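Enquirer: So in our numbering the end of the sequence shown lands on 321, straight run, no missing numbers.
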Amino acid sequence: MPCQLTLSSFVRDVLPRTGIGTGLLIASAICLPANAELDLLLEGYGFGSGQKLGYNTANLWDSSDDNVNYYQINATQHQWVDAATQQGGLSTYCIQVYLGVDLGESYQFEVTPISGSPVAPPAPGPMGAVRAEVLEDLYARYSGLDDNDVVATAFQMMVWEITHENFTATDAAGLVDQISLDLGAFRWNGQGTLGEGGQAEVDEIFGTMRSVLGTGGFLDADLVGLTNPTAQDQVLQVPAPAGALLLSGLLAGGRRRRRN
């Protein structure tokens, strides 16, 4: 039987006993088995924008084949409330392009180790340890700076590139070298809803993010997946950058450490 959690119980009863680390969060013997669940309602979208994006699972990371169809997709933060109590303030980014979630609808998510997220089918399937390492570094460097549409858009597209691209690299540094929105399985054609200047800024910030990833070593961030076999999976930072949840006040100690 899954351990059913509300946002308030997740914050009040679970997080203070996790010892901070994501591994302990998932493995906690105190009412947080690997299949703990949260019932969340999608209240709205936060910062971000609509962008023309394409995904062809057949392409390797360096493919330039003109075989990708582009669709308008929301590259935005997702804002959630507890489906039962209406407690809000939880912000996520999605890690699964092929599935969606609808405004005003409730979803039962399983709390999943980030390396085991997203679930499959559909593609891309679990990201594994190397992609998770790069995704953590992205969050460690840029989470909290995404409080405008341009940065949030670039951030979401980088999340998708990390999780969806068909990389051949076997380590984090090699994976970063293969990141590109112009080639491969996951692509962006530069078009979106931010206007000419805003679109140019998105391109510039995405390039900056790529150039900074792994600099001086890859940083850690405590991430978990929120997964559902029939809905769009999400990535959640613990503690989430959501003031309404007061997560930062419930956890002690440093949140980031540097790998050498």
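Ideal placement from N, C-alpha and C gives every residue a C-beta, glycine not left out.
A quick note: this is a predicted structure, and the numbers were derived from the prediction, not measured.
Cα separation between G189 and L255?
Expert: Taking the sequence shown and counting its residues from 1, the one referred to as residue 189 is at position 128. Taking the sequence shown and counting its residues from 1, the one referred to as residue 255 is at position 194. Cα-Cα distance, rounded: 33 angstroms.
Enquirer: Would you call the CB atoms of V142 and L287 closer than 9 angstroms?
Expert: One-based indexing of the sequence shown puts residue 142 at position 81. One-based indexing of the sequence shown puts residue 287 at position 226. Between V142 and L287, the gap from beta carbon to beta carbon reaches 9 angstroms or more.
Enquirer: Report the partner residues of S152 according to the DSSP bridge assignment.
Expert: Against the sequence shown, residue 152 aligns to sequence position 91. S152 is bridged to Q140.
Enquirer: In whole angstroms, what is the alpha-carbon distance linking G277 and V195?
Expert: The residue you call residue 277 lines up with position 216 of the sequence shown. The residue you call residue 195 lines up with position 134 of the sequence shown. G277 and V195: Cα-Cα distance of roughly 13 angstroms.
Enquirer: Starting from S167, trace the beta strand (DSSP E) both ways and give me its first and last residue.
Expert: Looking up residue 167 in the sequence shown gives position 106. Start and end: S167 to P174.
Enquirer: Mapping DSSP to helix, strand and coil, what is Q252?
Expert: Here residue 252 is taken as the residue at index 191 of the sequence shown, counted from 1. DSSP places Q252 in strand when its eight states are reduced to three.
Enquirer: So, are the CB atoms of W221 and I175 less than 9 angstroms apart?
Expert: Taking the sequence shown and counting its residues from 1, one reaches residue 221 at position 160. Taking the sequence shown and counting its residues from 1, one reaches residue 175 at position 114. No, the Cβ-Cβ distance between W221 and I175 is not below 9 angstroms.
Enquirer: Assuming N289 and Q169 form a contact by the criterion Cβ under 8 angstroms, report the distance between their Cβ atoms to the nearest whole angstrom.
Expert: For the purposes of this step, residue 289 is taken as the residue at position 228 of the sequence shown. For the purposes of this step, residue 169 is taken as the residue at position 108 of the sequence shown. That pair is a contact at about 6 angstroms.
Enquirer: What residues in its chain sit with their C-beta under 7 angstroms from that of Y200, if we drop five residues either side in the sequence?
Expert: Reading the sequence shown from its first residue, position 139 is the one you call residue 200. These residues qualify, in order along the chain: A282, L284 and Q298.
Enquirer: So who's on the other strand from V158, going by DSSP bridges?
Expert: Sequence index remark: in the sequence shown, residue 158 carries index 97 (1-based). Answer by DSSP bridge pairing: none, since V158 is not bridged.
Enquirer: How would you label T214, buried or exposed, when you count the other beta carbons within 10 angstroms and need 16 or more for buried?
Expert: Taking the sequence shown and counting its residues from 1, one reaches residue 214 at position 153. Buried: at least 16 other Cβ atoms inside 10 Å.
Enquirer: Checking 9 angstroms against the spacing of the C-beta atoms, do N130 and S110 come in under that value?
Expert: Indexing the sequence shown from 1 puts residue 130 at position 69. Indexing the sequence shown from 1 puts residue 110 at position 49. No; because the gap between Cβ atoms is not below 9 angstroms, this pair is not in contact.
Enquirer: Does the distance from the C-beta atom of I223 to that of I240 stay below 9 angstroms?
Expert: Within the sequence shown, residue 223 is the residue found at index 162, counting from 1. Within the sequence shown, residue 240 is the residue found at index 179, counting from 1. Contact: yes.
Enquirer: Report yes if the C-beta of V191 is less than 8 angstroms from at least one heavy atom of the ligand PLP; otherwise report no.
Expert: Absence of the ligand PLP from the depicted structure is noted, as is the absence of any ligand whatsoever, leaving it without description.
Enquirer: CB-CB under 6 angstroms to L102, same chain, minus the five flanking residues each way: which ones, in chain order?
Expert: Here residue 102 is taken as the residue at index 41 of the sequence shown, counted from 1. The residues are V142, A144 and S167.
Enquirer: Going by beta-carbon coordinates alone, are V296 and Y154 separated by less than 9 angstroms?
Expert: One-based indexing of the sequence shown puts residue 296 at position 235. One-based indexing of the sequence shown puts residue 154 at position 93. Going by C-beta atoms, V296 is nearer than 9 angstroms to Y154.
Enquirer: Can you name the start and end residues of the alpha helix (DSSP H) that L236 belongs to?
Expert: Along the sequence shown, read from residue 1 onward, the residue named residue 236 stands at position 175. Unbroken alpha helix (DSSP H) run through L236: A233 to D238.
Enquirer: Could you please give me the residues that DSSP links to Y131 through a beta bridge?
Expert: Here the question's residue 131 lines up with position 70 in the sequence shown. Its beta-bridge partners are G115.
Enquirer: Enumerated in chain order, which unbroken segments of the beta strand (DSSP E) with a length of 3 residues or greater are wholly contained in the stretch 200-233?
Expert: none
Enquirer: Answer with buried or exposed for Q133, where buried requires no fewer than 16 other C-beta atoms within 10 angstroms of its C-beta.
Expert: As a position in the sequence shown, residue 133 is number 72, starting the count at 1. Exposed, by the Cβ-count rule.
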